[in-house]
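Encoded as structure tokens, the structure appears first; notes follow it.
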Amino acid sequence: NAAYDRYCGTISQSTVVDTGACIDALSVLCNDTDKRHAMGEAGRTHARATYDWSIVIKAHQDVWEELDRRRSRAAMDARHTHRVPDISLHSDPFAMFGAYPTSVINDATELRLIDGVDLSLLDKRLSMTMNTFAMDRLLSRNNLAKVIAVLLERGMASVQDIVDLFDQATHAQVVLSIGWLAKMHLLRLSGSITAVLSPDQRNNAQKPARHAEQGASDEGALT
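Going by this note's numbering, the first residue of the sequence shown is number 950, and it counts up by one from there.
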């Protein structure tokens, strides 16, 4: 399904894997027989505790009961607010899977350019169609270049520093763009980060970036 492929692809454009940390972890496993065996045993224990049929069936029953409660509440909310309930097939993936990454971007996350990065590398990334099909969710080329230029000048900036550069862009748009820049190996995020937006940040997605601090907290937001 082309629509579903685009849905997944759009998410992937702002999802970052810390390849350095991944390489380090794989190297440890390759060189440590005891750790490999320990992980295997932990996996078997987890599988037995999680996927035994008696546990799976009970989990399904719990889900059915919870879905009944949610459907009932959603129908009542829609009647009282004249709002159509969210369509589950089009739910915001950054809210749905916000708990999946090892760590997430917040406004204090520090950004630094990868060594040797300049504006020509940004344009090279943008020249490849596989990198640009989700640009309607991201900053324009000129604004992405502004982020690069600021980091070239300052050496380091926080996510909040970058958010403050833009009056018109939403907070979510800026943070998704930071995730994209990191995925393109143009900038480095402090710590090991994988790009996703928290539900709170997505709730603020329509607010101007300079005013994103008003309302729900953005702590624990994207990558």
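Here a beta-carbon is modelled for each residue, glycine too, at the ideal position from N, C-alpha and C.
The structure presented is a predicted model; accordingly, all values stated were derived computationally and were not measured.
Backbone secondary structure at residue i - three-state DSSP
| i | result |
| --- | --- |
| S961 | helix |
| S1107 | strand |
| T941 | Any answer about residue 941 is impossible in this case: the structure gives the chain only from 950 up to 1172. |
| F1043 | helix |
| A952 | helix |
| T968 | helix |
| V1099 | helix |
| V1053 | coil |
| W1013 | helix |
| A1048 | coil |
| V977 | helix |
| L1071 | helix |
| S1076 | coil |
DSSP beta-bridge partners of residue i
| i | result |
| --- | --- |
| A1083 | Answer by DSSP bridge pairing: none, since A1083 is not bridged. |
| S1089 | Paired residue(s): none; S1089 is not in a bridge. |
| R1137 | R1061 |
Rounded distance between the beta-carbons of residue j and residue i, thought under 8 angstroms
| i | j | result |
| --- | --- | --- |
| I1054 | H1134 | Incorrect: roughly 16 angstroms between the Cβ atoms, too far for contact. |
| L1075 | R1090 | 6 angstroms |
- prompt: Taking only runs of the alpha helix (DSSP H) that begin and end inside the segment 980-1011, which ones reach a length of at least 4 residues, in chain order?
  reply: 982-1000
- request: Specify whether the segment 1117-1128 and the segment 1088-1100 touch according to this definition: at least 3 beta carbon pairs, one from each stretch, less than 8 angstroms apart.
  value: yes
task: Could you say if the segment 1074-1087 and the segment 954-964 meet the contact criterion of at least three C-beta pairs nearer than 8 angstroms?
output: yes
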